[in-house]
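In terms of full-length UniProt numbering, the sequence shown opens at residue 1 and continues consecutively.
Quick reminder that beta carbons are idealized off the backbone N, C-alpha and C, glycines included.
Note that the structure is predicted; figures quoted are calculated from it, not measured.
Below: the structure, in structure tokens.
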Amino acid sequence: MLSDGMRKLCKNQKKQATPMEPENPGTWWLVALSSLQVPAQLHMSKTAMGASQKDFESAVNQMKLLKKDPGNEVKLKLYAHYKQATEGPCNTPKPGVFDLINKAKWDAWNALGNLPKETARQNYVDLVSGLSSSSDSSSQVKPEADRKQAGYETLVMTSEDGITKIMLNRPTKMNALTTQMYQEIMLALEAASKDDSTITVLTGNGSYFSSGNDLTNFVISPDELEERARRGAILLRDFVGCFIDFPKPLVAVVNGPAVGISVTILRLFDLVYASDRATFHTPFSHLGQTPEACSSYTFPSLMGPAKAAEMLIFGKKLTAAEACARGLVTEVFPDSTFQKEVWTRLKAYSKLPRNAFHCYDTDKGRGTVLSGDNFKEEDGPYLPSTVIPESRPCVFQNR
């Protein structure tokens, strides 16, 4: 909903897994794990302020009660962060190439490098919290729709009552974003821009809104780094541009924790409704990345330079109430009534005259955003669509 003038400006500036050994390795730690590469830059909830030892022990006990198998990738993360939190950096010999299961576990632990124990402890607690909350009322995993019929493999897109809903649909992966998801979201936004709906909503299926980029999907060899970085920069620029140029009201319904680009993209929405269970975390410095989605511009303009730096540079994780106080979230709802209250309100909004939305002065909204041309070529290796073979320091420039 950008005015022509602002659009031109934008474009011009454009384990049940316990943490210990499973009783039946043959069941859980599949041979396929031998091919899984786990990068050091796991894009998940890392925070500078670690969880207490009591919280950590409670999370360990919760894992023992978990009934649903969370999947091998999640169990590797749990194992690695448990070992890092209790023993520190990996200090055991690397298993032999034919010891597939233990090699995958060793790789996962070793990939964490010198991650502080307190950070690993917090990551473990956050991950278990997300798994344990999957039974909450607002985070029930809905049966997957017939996605192939709509042409989407990672999304569910529906239109009803004047509202087009785009739902991230990788609940077992906490809606971690892959290259395919980026492309499908762009296609879905393009379709929504042309349909007869009044409002477009983005939300997540399951316990998470999105855990950020699924970096295991972007593991690449050093020989491919330059080309993949170039393509990644183009993909990210086009992805962000779809939000900037979207002609209808965009609403984010944040049903659970949001990490990385799923947080920074929120400034490109017109309304952001959040469950009180949601958290907002941008751990870019921990991952050797720079902030994406124009957030190095939009966040300071929204909440001031100091508060923006606290999030984007120092990785402070916000509660829903804190995010609302900073202007990132429009309103916070109790988790028990979140879905009912939000959708009742959105259905009422969808009945408003469409011309009223077209007259909305977006110079106060998404029009303040700079487009993908803000990205410099040297930023390519830090973009979330690529994976860096080793951690490296962030370079923040005054742009």
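Examine the Cβ distances between the region 202 to 213 and the region 110 to 123 and report whether three or more of them are shorter than 8 Å.
no
Hey, would you say glycine 204 sits closer than 8 Å to methionine 167, going by beta carbons?
yes
Let me know if glutamate 87 comes out buried or exposed under the rule of 16 or more other beta-carbons within 10 Å of its beta-carbon.
A residue is called buried when at least 16 other Cβ atoms come within 10 angstroms of its Cβ; glutamate 87 does not meet this threshold and is exposed.
What is the DSSP secondary structure of asparagine 91, reduced to helix, strand or coil?
In this structure, asparagine 91 counts as coil in the three-state DSSP scheme.
Give, in chain order, every unbroken run of the beta strand (DSSP E) that is at least 3 residues long and sits entirely within the region 270 to 329.
DSSP runs (the beta strand (DSSP E)) wholly in the region 270 to 329: 271 to 275 and 279 to 281.
What is the DSSP secondary structure of methionine 63, counted as helix, strand or coil?
Three-state result, methionine 63: helix.
What does the Cβ neighbour count give for proline 25, buried or exposed, with the cut at 16 atoms within 10 Å?
Residue placement at proline 25 cannot be trusted, given a pLDDT of 32 that sits under 50; what the coordinates show is reported in the next sentence. Proline 25 should be labelled exposed.
Between phenylalanine 333 and the rest of its own chain, which residues show a CB-CB distance below 8 Å, the 5 nearest in sequence each way excluded?
Tyr273, Ala274, Ser275, Asp276, Glu341 and Val342
Using DSSP with H/G/I as helix, E/B as strand and the rest coil, what is alanine 176?
coil
Continuous beta strand (DSSP E) stretch holding lysine 248: start and end:
Looking at the DSSP string, lysine 248 is not in any beta strand (DSSP E), and its letter there is neither H nor E.
Outcome for leucine 352 when other beta-carbon atoms lying within 10 angstroms are tallied against a minimum of 16:
Per the 10 Å Cβ criterion, exposed.
From the DSSP output, in three-state form, read off serine 159 for me.
strand
Which two residues bound the contiguous alpha helix (DSSP H) that contains leucine 100?
100 to 110
Paired residues, beta bridge with glutamate 331 - DSSP:
Tyr273
Quick check on the DSSP output: the beta strand (DSSP E) that includes threonine 344 runs from which residue to which?
Element bounds for threonine 344: not the beta strand (DSSP E) but the alpha helix (DSSP H), 338 to 349.
Which stretch, first to last residue, makes up the beta strand (DSSP E) that contains isoleucine 199?
199 to 204
Could you say if the region 232 to 246 and the region 155 to 167 meet the contact criterion of at least three C-beta pairs nearer than 8 Å?
no
Based on DSSP bridge pairs, tell me the residues matched to methionine 181.
Partner(s): none; methionine 181 has no beta bridge.
Local Cβ density within 10 Å of proline 93, reported as buried at 16 or more and exposed below that
exposed
Considering proline 264, what are the terminal residues of the alpha helix (DSSP H) in which it resides?
With the sequence shown as reference, residue 264 is identified as threonine, and proline is not the correct amino acid for it. Note, threonine 264: alpha helix (DSSP H), 261 to 264.
Count the other C-beta atoms from every protein chain shown that fall within 10 angstroms of the C-beta of aspartate 107, then say buried if there are 16 or more, exposed otherwise.
buried
Rounded to whole angstroms, how far is the Cβ of serine 207 from the Cβ of methionine 174, which I believe are closer than 8 Å?
7 Å
What do you get for glycine 130, buried or exposed, if any count of 16 or more other CB atoms within 10 angstroms of its CB means buried?
Taking all protein chains in view, the Cβ of glycine 130 is crowded by 16 or more other Cβ atoms within 10 Å, so the residue is classified as buried.
Among the residues of its own chain, which have a CB less than 6 Å from the CB of lysine 165, if the five just before and after it don't count?
Thr158 and Val201
Count Cβ pairs between the region 320 to 330 and the region 255 to 274 that sit closer than 8 Å; are there 3 or more?
yes
Cβ neighbours of glutamine 84 in the same chain (closer than 6 Å, five flanking residues each side left out)
Leu112, Leu115 and Ala120
Option in Met303, Thr344, Gly151 and Ile199 with minimal Cα separation from alanine 325:
Met303
Per DSSP, what kind of secondary structure is leucine 168 in: helix, strand or coil?
Of the three classes helix, strand and coil, the one that applies to leucine 168 here is strand, per DSSP.
Please confirm whether any heavy atom of the ligand GDP lies closer than 7 Å to the CB of phenylalanine 246.
Within the structure as shown, the ligand GDP is missing, as the structure has no ligands at all.
Can you find the residues in the same chain that come closer than 8 Å, C-beta to C-beta, to lysine 347, ignoring five residues on each side of it along the sequence?
Counting only Cβ-Cβ distances below 8 Å, and skipping sequence neighbours, we find Asp161, Gly162 and Ile163.
Using DSSP with H/G/I as helix, E/B as strand and the rest coil, what is asparagine 114?
It is coil, neither helix nor strand.
For glutamine 53, count neighbouring Cβ atoms within 10 angstroms of its own Cβ and tell me buried if that reaches 16, exposed if not.
exposed
Note down the Cα distance separating aspartate 238 from proline 95, rounded to an integer number of angstroms.
43 Å
Evaluate serine 197 with the Cβ neighbour count: other Cβ atoms within 10 Å of its Cβ, from every protein chain shown; 16 or more gives buried, anything less gives exposed.
By the neighbour-count rule (16 or more Cβ atoms within 10 Å), serine 197 is buried.
How many Å lie between tyrosine 297 and leucine 100 at the Cα?
46 Å
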